[in-house]
Structure formats: structure tokens, C-alpha cells
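Worksheet: the structure to be examined is printed underneath.
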Amino acid sequence: MNRLTPEQRFQIVVEWAQNEIAVVPDFHKRILFSDEAHFWLNGYVNKQNCRIWSEANPQVYVKTLLHPEKLTVWCALWAGGIIGPYFFKNDEGHNVTVNGDRYRAMITNFFIPELNNHDVQELWFQQDGATCHTARATIDLLKDTFGDRLISRFGPVNWPPRSCDLTPLDYFLWGYVKSLVYADKPQTLDHLEDNIRRVIADIRPQMLEKVIENWTSRLDYIRASRGSHMPEIIFKIWPLSEAKSQLNERVANRYITPEIFKWRQIRGTCGSMEEVALVMP
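Here the sequence shown stands for residues 31 to 311, where the numbers follow the numbering used here.
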């Protein structure tokens, strides 16, 4: 039997999601998408190959530490809100990166208790296939919580690798947060952590609704292109009035909100240049 190509795996999950939406029209609003990202104190951004491109002169050299301090942050995002941020720390309160034990501890001690505020029987959970996410004990724990409503490598519904075009945290949340948290040039990790908490807390429900509705448009695009990733696009940063004059009125009215214009140009984790990703090509 031939192995599936990445494009075929991508298209399979897209077709599955669209079939679910055909049966339950608000299915996409019930998915908890999850991921983590690094936030570096010196403003350097690394979410795999994610980049925030500064408006400053790129020819200017800036001295940076060889191993700058960073925070590793996890969130789950859905149409109903954001669970998190969760900051990975050890028992002494020092910031650490993610491994399988720390991830499972976060799921046990933070995420699952947070779900007590929601009807878990109506929700699905998505995570990527990173090794720290997919230890057998972790998958079993998530299955105990979500049953067949787990979208993950080694889960009932497989989530294909390199699927950042379909992950709202990649095409929206991390870029949006990183475009704002360095504005006051935080000098300590505590200051940076406070900024991250504030920016995420300020994200309005209307914005999340737009982000999740855009997910269905992305499904349409990927299915029509037979599993191809989103094209490389660069959106200009316009005031809302100029955007409406330069974009089709239907698109502007449907997708554009004033908060979008706080964005900078970002490089998505699959290499696509996006400013917002709420406006389809």
C-alpha cells in the first residue's frame, strides 16, 4: 500500500472537517485548537520558523545575547474564548521548555480543571503531533476526557503534520500577540509575561468569531487546491477606511475589524507571509 503524501493527509482532514460541518453546521465552533510558542525577552520570535518583521530599518545591527531568555506559553483557542495562557515553569518557578511530563502535567493540573466551566461533551480537542504531546499516557488522558473527540496524532482523528494553515494559533494568535507585547520593550520575563496575559485577555469574542469563521474558508481553499498550503501573501497595514476603499466591500465588511490593524507582517510557520489571514486571497 502506498504511503499518503503530506498533501493527501492534509486533504483527508479537510474533507473530514467539511463533512462534520455538513452534519453539524457549528462543528468548527466546538473545536479547541491548542499549541505553544516561545516568546523571547529580546524580542526575537521563534515559533518553529515564525517571524515578526520589525518596522525598523533591517540594515541596522542590533546586539543580542547568544542565548536570550524566553517564555514557553500554551493556549487553547475556540469560538467561545481562550483557555490560557499557561506558562511552563518548574517547581522552583523557573521558566522551562516543554517535554512530555510537563505537557501532561499541564493537561492534568491546568487544562482539564479549566474545562469544568464548559460542556466538555460538546467540545473537540486538537493538538499537533509534537513528541511531547503524544506520549501514550498523554493520549490516554485526553481520550478519557474527550473520547472520540480527540484530533491528534495517535488519536481517533489524525491531525496531519505541517498543518499550520489550519491552526488558528499559528495563523492568528501567536502573530497577533507578538505584534503587541514588545511595544513597551519589556526588560524582564515577569514584565513580558504580564504583557502576554494582558494582550490575550483583551482579545474580544468578536475577533475570535472572525478567526474561527475564517477556518471554514481555509478548508474551502485547501480542498479546491487539492491539499496545497495557503499561497504567499503580504497584506498592507491600512487604516480601516482605506482598507474598505481598496478591498472588495463584501470582504471588508465580513472580515475586517479595527483590531486587525495592530498587526505587523508575520511569517507563518509554513513559510507563508501573512499580516492577518482573516482576509482570503
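We put the beta carbon where it would ideally sit given N, CA and C, even for glycine.
Excluding five sequence neighbours on each side, which residues of the same chain lie with their C-beta closer than 7 Å to the C-beta of residue i?
i: Leu95; result: The predicted position of Leu95 is uncertain, since its pLDDT is 48 and thus under 50; a value taken from the coordinates is nonetheless stated next. Hits under 7 Å: Asn72.
i: Glu152; result: Arg60
i: Phe184; result: Thr164 and Ile169
With distance defined between alpha-carbon atoms, name the residue in the options nearest to residue i.
i: Ala106; options: Gly130, Asn129, Leu171 and Met136; result: Met136
i: Phe117; options: Asp195, Asn225, Asn146 and Glu50; result: Asn225
i: Trp70; options: Asp170, Ile233, Ile230 and Leu219; result: Leu219
i: His163; options: Leu180, Val44, Val229 and Pro143; result: Leu180
i: Val126; options: Gly110, Ala47, Leu101 and Ala109; result: Leu101
i: Asp149; options: Phe40, Asp121 and Thr175; result: Thr175
i: Trp154; options: Gly177, Ala165 and Ala231; result: Gly177
i: Asn147; options: Gly111, Leu172 and Gln38; result: Gly111
i: Phe140; options: Ala167, Trp104 and Lys173; result: Trp104
i: Val187; options: Tyr201, Ile142, Ala231 and Gln156; result: Gln156
Our contact map puts residue i next to residue j with C-beta atoms below 8 Å; I'd like the distance itself, whole angstroms only.
i: Thr161; j: Phe63; result: 19 Å between Cβ atoms; not a contact.
Apart from the five residues just before and just after residue i, which ones in its own chain have a Cβ nearer than 8 Å to its Cβ?
i: Pro55; result: none
i: Lys119; result: Asn125 and Val126
i: Arg280; result: Residue confidence for Arg280 is low, a pLDDT of 36 falling below 50, so the modelled location carries little weight; the figure read from the coordinates is stated next. So no residue of the chain qualifies.
i: Trp108; result: Lys59, Arg60, Ile61, Leu62, Phe63, Leu153, Leu238 and Ile242
Within 10 Å of its beta-carbon, does residue i have 16 or more other beta-carbons around it, so buried, or fewer, so exposed?
i: Arg248; result: buried
i: Gly123; result: exposed
i: Asp158; result: buried
i: Asn49; result: exposed
i: Gln217; result: exposed
Since residue i sits in a beta bridge, which residues does DSSP pair it with?
i: Trp46; result: Paired residue(s): none; Trp46 is not in a bridge.
i: Ile112; result: Leu107
i: Asp65; result: Cys105
i: Val187; result: Ile181
i: Gln41; result: None; Gln41 has no bridge partner.
i: Gln156; result: Phe63 and Ile181
i: Lys119; result: Asn125
i: Lys100; result: Trp70
Keeping to the same chain, check which residues put their C-beta closer than 6 Å to that of residue i; ignore five residues upstream and five downstream.
i: Glu252; result: Note on residue identity: the sequence assigns Ile, not Glu, to residue 252. Excluding residues within five positions, the ones whose Cβ falls inside 6 Å are Val44.
i: Val229; result: Val207, Leu210 and Val211
i: Gly130; result: Cys162 and Ala165
Quick one: is the Cβ of residue i within less than 7 Å of any heavy atom of the ligand PLP?
i: Asp250; result: Questions concerning the ligand PLP fall outside what the structure shown contains, since it holds no ligand whatsoever.
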